[in-house]
Each structure stands twice: as structure tokens, then as C-alpha cells.
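Numbering (UniProt numbering), first residue to last: 1 to 222. A short write-up of the structure that comes next.
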Amino acid sequence: MSDAQPADSAEPVGMTGDREPSLVGQLLTVPNILSLLRLAGVPVFLWLLLGPKEDGWALALLVVSALTDWLDGKLARWLDQTSRLGQLLDPAADRLYIMATLVAFLLREIVPWWLVAALVGRELVVGLALLVLGRYGFAPPEVTYAGKAATFGLMYALPLLLVIQGESQVAEIARPFAYAFTAWGCALYLWSGALYVLQTGRAVASARSGVALCEDAGGEDR
């Protein structure tokens, strides 16, 4: 994981020439369109799961979301359509899908409340860390490998947790895999959150030490 950099010194990704593409230009790329479609699927998924309780269709939508999450990163590299917007939009879509699914699962009593509380608490802490970074002029940090692995684990765990609702043979086979992906995904999700907090602490300490040095130098000049 690379350290956070000040926003004014961060090199934009996906630049053409010397200028960053416009917001519309960044949105109208294949990877970002997939991320937007994934975001649009969140309310549909919640309705399927909590309204008519069409678990089969909800499962299909969750699987499609996981596949597009994998595909948009690949397409961004293959088509050379990486952008700063995409780097922010993709993890935001992942987080929204994960949080929405967990809340729906909690209401359906598929997962325990303490698990949802821990993961939602992690999101609140990371959100606060991002606000602190912005206050000191730092851009949001890049996604860590632990964060990517956590998202991978949870995006597999969530469909499997839906599959194991029932007494079919498929549910019995999928049960240990569902629990394993859930355990590893949650552990890595919390660990990656701790890494973001540590990175924020280092960035803030560095910024404060720089300010202190400037003040000391100014005092000596006077």
C-alpha cells in the first residue's frame, strides 16, 4: 500500500495528453458504466430480497454484481480506460453493495447483528479517516491488497450465504465454503480498515511535523 499523497501532488490516472478527461468523459467508459450499473442494481436487489423474497433472482443479481466487479478492473486495464473517478467509483460500489446486502441479510436473520455492526463500524471509521485526510489536503489512499482480498472474499461469501438458506444437498455442500469465505472476508475487511487508520495516522503526523518545521524556520528568520 502506498502512502497517501497530498491532493495537489497526486498524479491523475488515465490522463490524455496534459489534461484529465472531463467528468462525462470518465463516466462514459466501459468499466465505469459497469460500476454504475452495479450501483443501480442495489435497490433492485434489496427489493427482491425484502419485498417478494425472490431469493433466486436476488442471488442471480448478486452473482452478476460479483462478476462485473471482477470484469471492470480487467477491462480498465485492457482498454486503457483507467481513471481517478473509476478508482473511487469501483470501491464505493463494492462497499454499498456489501453494506446493503448485510443489512438485508440482517433483516432476514441470515447473519447475526454483531457481524453487521462490526463491518458497518469499520466503514464509519474508514469514512472518518478519509475526512481527516481531506482536511490535511491528502487524496484518498489507494485500495490495499488486504482490502481487495476482503472484497473478493465477501463478494463470494454473500451469494453463498443466500444459497445455504434451505435444506437441499447444494446448501449442505456450500455451507462450509460460505462460512469460510465469510470468516476470511470479514477478518480481512476489518484488517484493511485498521491499515487505512494507520496510514491516516502516518499522513497526519507527517503533515503536522512539516508544519512544525516551517514554523520553527519562520521563528529563526525573525
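Glycine included, each C-beta is placed from N, C-alpha and C at the ideal position. Nothing here was measured: the structure is a model prediction, and the numbers come from that model.
Practice item. Please name the residue, chosen from L119, R202, T101, that lies closest to D55 on a Cα-to-Cα basis. Key: Reading the sequence shown from its first residue, position 55 is the one you call residue 55. Of the listed residues, the one whose Cα sits closest to D55 is T101.
Check your understanding: Which residues in the same chain as A150 place their Cβ atom closer than 6 Å to its Cβ, once the five residues preceding and following it in sequence are excluded?
Key -> Counting from 1 along the sequence shown, the entry for residue 150 is found at position 150. Excluding residues within five positions, the ones whose Cβ falls inside 6 Å are G185, L188, Y189, S192.
Practice item. Answer with buried or exposed for P31, where buried requires no fewer than 16 other C-beta atoms within 10 angstroms of its C-beta. Key: Within the sequence shown, residue 31 is the residue found at index 31, counting from 1. Classification for P31: buried.
Review point. With 16 other CB atoms within 10 Å as the buried threshold, where does Y97 fall?
Key: Within the sequence shown, residue 97 is the residue found at index 97, counting from 1. Per the 10 Å Cβ criterion, buried.
Review point. Are the segment 84-95 and the segment 171-181 in contact at 8 Å, needing three or more beta carbon pairs?
Key: no
Point to revise | Buried versus exposed call for D69 [16 or more other C-beta atoms within 10 Å across all chains shown] | key: Within the sequence shown, residue 69 is the residue found at index 69, counting from 1. Buried, since its Cβ has 16 or more Cβ neighbours within 10 Å.
Practice item. Below 6 Å CB to CB, which residues in the same chain sit around L39 once its five sequence neighbours on both sides are set aside? Key: Sequence index remark: in the sequence shown, residue 39 carries index 39 (1-based). Excluding residues up to 5 positions away in sequence, A93 lie with their Cβ nearer than 6 Å to the Cβ of L39 in the same chain.
Check your understanding: Given a threshold of 16 other Cβ atoms within 10 Å of its Cβ, counted over all protein chains shown, does L28 qualify as buried or as exposed?
Key -> Position 28 of the sequence shown, counted from the start, is the residue given in the question as residue 28. Its Cβ having fewer than 16 others within 10 Å, L28 is exposed.
**Study point:** CA nearest to the CA of V64, picked from L37, L89, T82
**Key:** Taking the first residue of the sequence shown as position 1, residue 64 is located at position 64. If we check each option's Cα against that of V64, L37 comes out closest.
Exercise for review: Could you spell out where the alpha helix (DSSP H) holding G56 opens and where it closes?
Suggested key: Along the sequence shown, one-based indexing puts residue 56 at 56. G56 -> alpha helix (DSSP H) spans 55-78.
Point to revise | Close beta carbons around D72, own chain, < 7 Å, minus the five adjacent residues each side | key: Translated into the one-based positions of the sequence shown, residue 72 becomes position 72. Cβ within range, chain order: P31, L34, S35, D90.
Practice item. Could you name the residues that DSSP lists as bridge partners for F105? Key: Along the sequence shown, one-based indexing puts residue 105 at 105. Answer is none; F105 lacks a bridge partner.
Check your understanding: Name the DSSP bridge partner or partners of F45?
Key -> Residue numbering aside, residue 45 sits at position 45 when the sequence shown is read from its first letter. Its beta-bridge partners do not exist; DSSP assigns none.
Check your understanding: Alpha carbon to alpha carbon, how far is L119 from M99?
Key -> Within the sequence shown, the letter at position 119 stands for residue 119. Within the sequence shown, the letter at position 99 stands for residue 99. The straight-line gap from Cα to Cα measures roughly 8 Å.
**Study point:** Between the CA atoms of A203 and Q169 - distance to the nearest angstrom
**Key:** Here residue 169 is taken as the residue at index 169 of the sequence shown, counted from 1. Here residue 203 is taken as the residue at index 203 of the sequence shown, counted from 1. Each residue's alpha carbon lies about 51 Å from the other.
Review point. How big is the Cα-Cα spacing for G201 and A60?
Key: Position 201 of the sequence shown, counted from the start, is the residue given in the question as residue 201. Position 60 of the sequence shown, counted from the start, is the residue given in the question as residue 60. Spanning the two alpha carbons is a distance of roughly 41 Å.
Practice item. Provide the residue span of the alpha helix (DSSP H) that contains T151, from first to last. Key: Residue 151 sits at position 151 when you count from the first residue of the sequence shown. Counting along the chain, the alpha helix (DSSP H) containing T151 begins and ends at 145-163.
Review point. Could you give the distance in angstroms between the alpha-carbon of E123 and the alpha-carbon of V163?
Key: The residue given as residue 123 occupies position 123 in the sequence shown. The residue given as residue 163 occupies position 163 in the sequence shown. In a straight line, the C-alpha of E123 is about 26 Å away from that of V163.
Practice item. Spatial neighbours of V116 within its chain, please: CB distance less than 7 Å, with the 5 preceding and 5 following residues excluded, ordered by chain position. Key: Along the sequence shown, read from residue 1 onward, the residue named residue 116 stands at position 116. Correct list, in chain order: L102, V103, L106.
Check your understanding: How about M155 and A76: are their beta carbons less than 8 Å apart?
Key -> To locate residue 155, count along the sequence shown from 1; it is residue 155. To locate residue 76, count along the sequence shown from 1; it is residue 76. Contact flag unset, no.
Review point. Hey, V197 and V111: beta-carbon distance below 8 Å or not?
Key: Locating residue 197 in the sequence shown gives position 197, counting from the first residue. Locating residue 111 in the sequence shown gives position 111, counting from the first residue. Contact: no.
Check your understanding: G51 lies in the alpha helix (DSSP H); which residues open and close that run?
Key -> Position 51 of the sequence shown, counting from 1, holds the residue named residue 51. Premise fails: G51 is in no alpha helix (DSSP H) and is neither H nor E.
Exercise for review: Counting only the same chain and skipping the five closest in sequence on each side, list residues whose C-beta sits under 6 Å from that of Q87.
Suggested key: The sequence position of residue 87 within the sequence shown is 87, counting from 1. So no residue of the chain qualifies.
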